[in-house]
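In the numbering used here, the protein residues as written are 104 to 478. The beta carbon of each residue, even a glycine, is placed where N, CA and C say it ideally should be. Just so it is clear, the structure is predicted and the values come from calculations on it, not from any experiment.
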């Protein structure tokens, strides 16, 4: 009888552990699916916003009308709804089922989905180099995904508040502030490539901080700590950083192509957001030896992809280049031809075209040609 009771107890314990593992697997799958859906909504929203800017510019060129405010553009409203409402809601829901170090890297799908959406919605050409650089970024994301944590732990609102004073987290926060100050300085550089890189990376860091705030808010709401001051600080912080990110993301998409902006913004969120969240939520403490070796390697590969993609020329920057017919050596030829035509005018034509009124009468201008060719 004692042996039977022991067997029954072990069977119950085994079934309990099996059920716990099954629920953990189910939670992991749900979190991943929600993260995939959030990535698709974010990519769709980015390209709808970009499409709204292009459509508005085309409309102003065809018709002599005033520029419409953003809220009167249906495509812009739909894009913001996808980015702010759908992407945020699905992302918050995914945080409730899986670690941030697992769900944030799934934003790499945003990069992959952006390529066909940008080509279909905005007719943006993507070079072979850009595709290769995107694949490098995706490879780094997959390494982080494969060797990151596939389990999750939960904190109460009070525990999350105490995590703010962890020395390692405080050092990381101070370092991130210094990086932001440096990017703001780069954003004011006179060189266009520095301006766009600084602005886009700054937008990505805003998104990284938003992800950490959102994960903290999700944990507080799951804990049911509605009366906690930290809960409402997390809610306000999430909304404030999200709106600021949307503002700068709109600025980036208005100035540069989506095939340049989206990969760098999301790769920065993946790298910085994953590390920042792993430190704040103590996810790094649960990394095994493989994770400690390969996760930094994946982050390094992703960073290399970001650096390579940031050097890719942007199509919109070529709009203001001189035509080939008046560039280089041909510029001197064009000026010489115009000078010959100008000098060939007879004196009567010159006097007729250059009279001035003085004391009620028109007198021909008495001066020589002042043209000087500078080689």
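Please list, in chain order, all residues of the same chain as residue i whose beta carbon is under 6 Å from its beta carbon, the five residues on each side excluded.
i           : result
residue 312 : 344
residue 409 : 367, 370
residue 299 : 359
residue 156 : 357
residue 331 : 260
Of the residues the options, which one's Cα is nearest the Cα of residue i?
i           : options            : result
residue 364 : 130, 148, 131      : 148
residue 225 : 161, 245, 193, 310 : 161
residue 192 : 177, 153, 141      : 141
residue 217 : 287, 249, 144      : 144
residue 342 : 321, 330, 274, 239 : 321
residue 285 : 295, 305, 294      : 305
Which residues in the same chain have their Cβ closer than 7 Å to the Cβ of residue i, if we skip the five residues on either side of it in sequence?
i           : result
residue 297 : 289
residue 333 : 260, 263, 264, 323
Answer with buried or exposed for residue i, where buried requires no fewer than 16 other C-beta atoms within 10 angstroms of its C-beta.
i           : result
residue 234 : exposed
residue 167 : exposed
residue 268 : exposed
residue 231 : exposed
residue 175 : exposed
residue 137 : buried
residue 206 : buried
residue 153 : buried
When you compare only the Cα positions, how much space is there between residue i and residue j?
i           : j           : result
residue 220 : residue 270 : 43 Å
residue 173 : residue 393 : 48 Å
residue 252 : residue 386 : 7 Å
residue 401 : residue 302 : 24 Å
residue 403 : residue 277 : 21 Å
residue 406 : residue 257 : 29 Å
residue 266 : residue 165 : 56 Å
residue 237 : residue 337 : 33 Å
residue 184 : residue 178 : 10 Å
residue 348 : residue 187 : 10 Å
residue 134 : residue 228 : 33 Å
residue 208 : residue 328 : 28 Å
Which residues in the same chain as residue i place their Cβ atom closer than 8 Å to its Cβ, once the five residues preceding and following it in sequence are excluded?
i           : result
residue 282 : 308
residue 203 : 314, 315, 318, 376, 377, 380, 381, 384, 386
residue 292 : 298, 301
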